[in-house]
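Trainee: Sharing a structure, written as structure tokens. Questions coming.
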Amino acid sequence: MNAIKKALGVVWIILGPASIIFMFMQAIEKVGLAEEGVHRTNTALQWGIILFIFIPISAGLVIFGYYALKGEYDKLPEE
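Right, here's the structure in full:
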């Protein structure tokens, strides 16, 4: 079970930055495809809010994966 936790720790560490890179690519594409004027401004604002919310979530994934890789979750309390 501890090996699975460590392997998933590597997955979380990779998934965090990969998701942010993917979301930035999507944001650039969607803002570029939007019509000029108000539509482009609204699209940029929406993607700015989405990125503002999900960057800390992705950072949390990296931290969670780091702790799993180090073995911090190997000894969980038993109840």
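In terms of numbering that gives the first Met the number 0, the sequence shown is numbered consecutively and its last residue is 78.
Heads up, the beta-carbon is just placed ideally off N, CA and C, and yes, glycines get one too.
Note that the structure is predicted; figures quoted are calculated from it, not measured.
Return the CA-CA distance between I20 and G47, expressed in angstroms with no decimal places.
Mentor: The alpha-carbon atoms of I20 and G47 are separated by roughly 14 Å.
Trainee: Rounding to the nearest angstrom, what Cα-Cα distance links K74 and T40 in this structure?
Mentor: Near 50 Å, if we compare the C-alpha coordinates of T40 and K74.
Trainee: Where I27 and L14 are concerned, what is the direct C-alpha to C-alpha distance, given to the nearest angstrom?
Mentor: Each residue's alpha carbon lies about 20 Å from the other.
Trainee: What is the DSSP secondary structure of Y72, counted as helix, strand or coil?
Mentor: Here Y72 sits in coil by DSSP.
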